[in-house]
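Remarks on the structure that follows.
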Amino acid sequence: MALYRVFLAKEIVAQLRDCKRPEREVMTRFFDEIADDPFRQGDFVELDDVGRDINVKLIGRPALYFWSDHAVKEVKVIGMKVADR
Numbered sequence: 608m609a610l611y612r613v614f615l616a617k618e619i620v621a622q623l624r625d626c627k628r629p630e631r632e633v634m635t636r637f638f639d640e641i642a643d644d645p646f647r648q649g650d651f652v653e654l655d656d657v658g659r660d661i662n663v664k665l666i667g668r669p670a671l672y673f674w675s676d677h678a679v680k681e682v683k684v685i686g687m688k689v690a691d692r
């Protein structure tokens with residue numbers, strides 16, 4: 608059983624529908640991985656508008672933006688952008 612719950616922003620769900628199946632499968636595995644290891648780091652970190660570390664994980668062309676809310680045992684996936692844009 609996963610240590611944390613993973614929450615996806617509504618716009619992420621819509622964007623996932625547009626991804627090719629192999630990318631979607633890799634992202635789904637990544638969601639399972641961060642649920643099991645919420646301390647996992649992305650490929651790099653950016654700061655949000657309140658100074659919180661936002662991990663960025665590159666998965667093919669898409670980049671997923673996420674952070675772990677350890678107080679409530681949740682990982683929040685808050686953004687997805689095409690990495691080469």
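Under the working numbering, the first residue of the sequence shown is numbered 608, with each subsequent residue one higher.
Built from N, CA and C at the ideal position, the CB exists for glycine as well.
What you are looking at is a predicted structure, and each value in this text was computed from that prediction instead of being measured.
C-beta contact flag for L615 and F637 at 9 Å: The residue labelled residue 615 in the question sits at position 8 within the sequence shown. The residue labelled residue 637 in the question sits at position 30 within the sequence shown. One thing to note: L615 has its Cβ no nearer than 9 Å to the Cβ of F637.
Nearest to L654 by alpha carbon, out of K617, I685, E630? As a first step, residue 654 must be located in the sequence shown, where it is residue number 47. When the alpha-carbon of L654 is set against those of K617, I685, E630, the nearest one is in I685.
Cβ shell of V633 (< 8 Å), same chain only, five flanking positions each side left out: Within the sequence shown, numbered from 1, the residue matching residue 633 stands at position 26. Correct list, in chain order: I666, G667.
What does DSSP give as the partner residue(s) for A670 in the beta ladder? Mapped onto the sequence shown, residue 670 falls at position 63. L665, K688.
Provide the residue(s) that pair with K683 in DSSP beta bridges, ordered along the chain. In the sequence shown, the residue the question calls residue 683 occupies position 76. DSSP lists F614, W674 as the beta-bridge partner residues of K683.
For P669, count neighbouring Cβ atoms within 10 angstroms of its own Cβ and tell me buried if that reaches 16, exposed if not. In the sequence shown, counting from the first residue as 1, residue 669 sits at position 62. With 16 or more other Cβ atoms within 10 Å, it is buried.
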